[in-house]
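I have placed the structure first, in the form of structure tokens, so that the comments after it can refer back to it.
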Amino acid sequence: MTDASRSGTATALHEDAVSGSAAAEALDLVRRGLDDMAGQVVPWFFGNMPEYYLRTHSVTEKVHHLQAIISGRAVTGSQTVRLMAPDGRKATYLVPGGGTKELLTILEAHVAQEIETARLYTTQDGQLHLVEFLFGEQPRADVSGDLFAEAVSAMRGEGVSGDRIDLFERMLRGANAEYLEKFDPQRALRHLHMLESVGRSEDTAILLEQCTPGSETRLVMAMRHPPATGLLLQTAKILARTGVTVNRCYGDSFNLDDGDSVAILSFYVNVGGDILHEDSELWQRLRRKLQLVKWFAPNPFESYADREGWSLKRVMLLAAAAEFAHAFLVQENQWAYSTNNVTRILQERRGEVARLVAWFEARFDPTLGGREAKARELDEAALAAVGDVADESERTVLLMVHRFFAFTLRTNYFLEDIYGLSFRLDPQFLPAPCRIEGEELPYGIFFFHGPYCMGFHIRYRDMSRGGVRVVPTRSAEQFELESNRLYDEVKGLAYAQQVKNKDIPEGGSKAVILLGPLGDIRLAVASMGNSLLDVILCGESSPTLPGVVDHLGKEEIIYLGPDENITPEHITWIVERARQRGYRWPSAFMSSKPGAGINHKQYGVTSLGVMVFAEEVLRHLGIDPAAQPFTVKITGGPKGDVAGNLMRIMFRDYGDNARVVAVTDGHGAAYDPEGLDRAELMRLVDGQRSIDSFDAALLRGEGAFVVSARDPETVRLRNALHNTARADIFIPSGGRPNTINMRNWHEFFDGDGVPTARAIVEGANLFVSPDARKRLAERGVLVVHGSSANKTGVICSSYEVLGGLVMTDGEFIAAKERYVADVFDILRRRARDEARLLLAELRRCDRCKPLHVISVEASQEMNHAADALYGAFMQRQPDIAEDSLWRGLVLDYCPAVLVEKFRDRIFDMVPRRHLYALIAAYAASAIVYAEGMGWLAGVGTQRDIVDVVRNWHEARALMLRLATAVESTDMEQSAQVAHLLRHGGVRRFTEERLGLA
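Numbering follows numbering that gives the first Met the number 0, with no gaps: position 430 of the sequence shown is 429.
The structure is reproduced here in structure tokens:
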């Protein structure tokens, strides 16, 4: 060994010795320091933590918390410590001297997470907050274990028995394992009481009671279907803004076996060191705010609550105004009037905003004396303030808010208990970018603001019916994109419904609820349903509820139906809610009810009409589907209402002649030029499976495939298939509006310019944009407009409404089988009548107009005549039951079973306006179907519409009798004479009676 190496070795040994000595010294110091700290912290901890914590937490949990307090210096060093479980499903915070601000900061960090259980403990000396959260779906309580049995036994010991013990067991089965592990009979008794208090209601049950001994008040809240996120945060914010100090807090969730969820929040509070008195004005204000928390979503305008002391309802009003302004101003400039920019402007222009809100409140405050004069004064002041704003974008946003407030005719803003905000608007508010020259304005517009959602309901006639759909979004960016086009989409769907509804008394309408990424569909539907009822329910002697100032002045009759993402549970709830709240026709309020209704998907009512049109179109193309094979391509998939039932009807009625070559849906696509296997398709339909579940082993044709839309390439293949697959007809039966549009319509043609299908029968609304439909028709594609092709769905819903108006639920269910059969006969006739009319008009003009244009013009002619007849009825107010012709038309319109069993009740139970609209629609459409297009429109301008309709229907009855009499004779060519009487005699005789021949 060299001297250098010996020296290095000695140095290393010395350093090791020194290092070991230092480590030992450090370890000793740490131990002594920790021992000293533990000696201080542990007694303090056990002396100051709440008794409930000490009783319900295990020694292991307490030690774990103590170690974190000591090592993290949570108390002595004033540092917040966070403990996160490895699986991310539990978080614990140790906050030194934490107050409300610190609690809100913690809650805001978890605003997007579902908190299933929450516990907040404060030491008696206020030095520490201990906060525990359990996230997401926690392990459930073991109902077969000892802890469950012991909990039930303990409750029996507290005197709980009979139905109450059954309800308690249901509650306990819905709890998570942690609730059972930390079970406390007294807490459970309170929870059981709150569960009983909330019942089946969507309201929030609130209990205030004083704790003894001490200066704490216990505030307990319970609600069914709570918001999935943000509930605890919003409640804590309300308490903080009201000056209430939270000492302890517990939050528990229960998933009951009937599918309901219940949240129960308990707060132990004081106000300035004193109890919260139940008879105080502070409590009354706080209670109103807490009632609203379920229906409130966090938003930037809460700064008005923090800084100006605004109520939650005011904050909601401003949030609604911002959504409204964005929805319409984005038509002018989507960058200048993005949601962020509109929000920023309304946050910065606080003085002008306050003036606008004060004016709105004066317009609708039912308790304000001299309301109109005061509102005018505040309006002038608000407009003057807005006019002084120099920046054009800021002034434009404020003026749109003013426009929103000015054209509101009704609102639920001043009702005591609300579930969101609703506004009935005069359609004259529509700004220029939202109006198209010559386009009909809607009759009425409702705007809704709810928890993480917004929406429109648009209708084109006084009495209307149309579907409600929910459009969920996954991100803020998607919500922004959908909100940019929301009004246009709702208006387009509502107008398509109006054109479609030519055969029925109700005008067209549509409601769309746009749901944010943190939103809950059930809450959104409940909010919209309640908010709509708020502004259409009548008082005892007025067309609105007490508390709703009315600038409209008449009762509104609205019927709803289901659309995308609306479930049978939603339908049942809406109808029952309408009944609870006193709507005059609850059974008719929403169609497709599971019991006393006709479920569209179950019965395939829309597909029935689509297939009738497809059959008539195939015959027009020279294909007899009963005798010849034909090919079809479909969007929508086996799980879809229209697509699935369409395949079922096709295979049932046409057997092997029906060959489905391509099917796409949201999950994938299947293609086989030889025809996809029928039995396999029906397996998917029956099993409610997506098309990507198709067994690829059953493919036969060249180039056949099955794909799941899981990557960009398979998504591209799926999205192109409705264009590339060849078939005789294409039936879009699902998909977003404007899937075929001006950017891609040319992809429907091959390289030689030949369309990949000779005809399109629109089973899905608005699948083809208007401009694209025009281009396809110009290139020879026969396009059947959706307002014709899929109209039997709305006709069926209208007959369900009629049944609901006349029969009780029990009577409807008892007569349902016969009623549905009668309605199906009517649906086939209505679809075939129109299909043959349109194709006859196409042949008559030698294709001078596209088929889809003829479809719209036919609808417009029927609707125009029906509107004129309805207007005459409303002016003259005839007694339908006493006029033999009108009475006969009503009975002829009705399903036979309704006439047989409830003939007189029809005229007693159906609203007069409904009867007028029924006769108008039925009488007008019958004339156009029989005489072809143009005759009624022409005669109706020359003579009184009531006289025209009366004379035509009387002439038809006479000609039918004469034709029958002729057929019963031995006269030569009696059949031809009878035919001429039926098909030409009616028009001629009518013209003679009107003095036009």
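The C-beta atom is built at its ideal place from N, Cα and C for all residues, glycine as well.
Mind checking who residue i pairs with in its DSSP beta bridge?
| i | result |
| --- | --- |
| Gly667 | Asp664 and Ser707 |
| Ile557 | Ser463 |
| Lys509 | Ile457 |
| Arg118 | Glu131 and Tyr249 |
| Ala758 | Ile728 and Leu781 |
| Thr216 | Gln209 and Val268 |
| Phe447 | Ser421 and Gly454 |
Indicate the three-state DSSP secondary structure (helix, strand or coil) for residue i in the structure shown.
| i | result |
| --- | --- |
| Gly802 | helix |
| Ser797 | helix |
| Tyr51 | helix |
| Phe817 | The sequence given here has Arg at residue 817, not Phe. Three-state result, Arg817: helix. |
| Ala657 | strand |
| Lys1005 | The shown model of the chain, from 0 to 996, leaves out residue 1005, and the question about it has no answer. |
| Glu107 | helix |
| Leu12 | At Leu12, the pLDDT of 47 sits below 50, so the modelled position is not reliable; the number obtained from the coordinates is stated separately. Helix at Leu12. |
| Cys210 | coil |
| Ser591 | coil |
| Arg199 | coil |
| Lys790 | coil |
| Cys452 | strand |
| Thr241 | coil |
| Thr472 | coil |
| Met932 | coil |
| Ile565 | coil |
| Val94 | strand |
| Met958 | helix |
| Tyr517 | Note that residue 517 corresponds to Leu in the displayed sequence, not to Tyr. Of the three classes helix, strand and coil, the one that applies to Leu517 here is coil, per DSSP. |
| Thr99 | helix |
| Asn722 | helix |
Suppose contacts are defined by Cβ-Cβ distances below 8 Å. Is residue i in contact with residue j by that definition?
| i | j | result |
| --- | --- | --- |
| Leu645 | Ile633 | yes |
| Phe766 | Gly734 | yes |
| Thr410 | Ser421 | yes |
| Arg247 | Leu82 | no |
| Asn722 | Phe704 | no |
| Ile597 | Val822 | yes |
| Gly674 | Val662 | no |
| Phe134 | Glu113 | yes |
| Phe455 | Val511 | yes |
| Tyr459 | Tyr442 | yes |
| Met932 | Ala857 | yes |
| Thr91 | Val142 | no |
| Val684 | Arg651 | no |
| Leu884 | His952 | yes |
| Ala871 | Gly939 | no |
| Ala117 | Tyr249 | yes |
| Thr234 | Leu289 | yes |
| Val469 | Ala523 | yes |
Cα separation between residue i and residue j?
| i | j | result |
| --- | --- | --- |
| Asn332 | Ala384 | 24 Å |
| Cys452 | Asp878 | 44 Å |
| Asn175 | Phe253 | 8 Å |
| Leu12 | Ala25 | Legend: pLDDT at Leu12 = 47, less than 50; position of this residue unreliable, value from coordinates given subsequently. About 20 Å. |
| Lys790 | Arg835 | 15 Å |
| Phe295 | Arg72 | 38 Å |
| Arg912 | Pro849 | 36 Å |
| Phe413 | Ser526 | 16 Å |
| Ala668 | Ala678 | 17 Å |
| Cys844 | Val852 | 12 Å |
| Ile794 | Ile622 | 28 Å |
| Val998 | Lys490 | Residue 998 is absent from the structure shown; the chain starts at 0 and stops at 996. |
| Gly752 | Ala814 | 54 Å |
| Arg886 | Arg949 | 12 Å |
| Ala758 | Leu720 | 16 Å |
Alpha helix (DSSP H) runs wholly inside the stretch 813-886, at least 4 long, in chain order: 850-875
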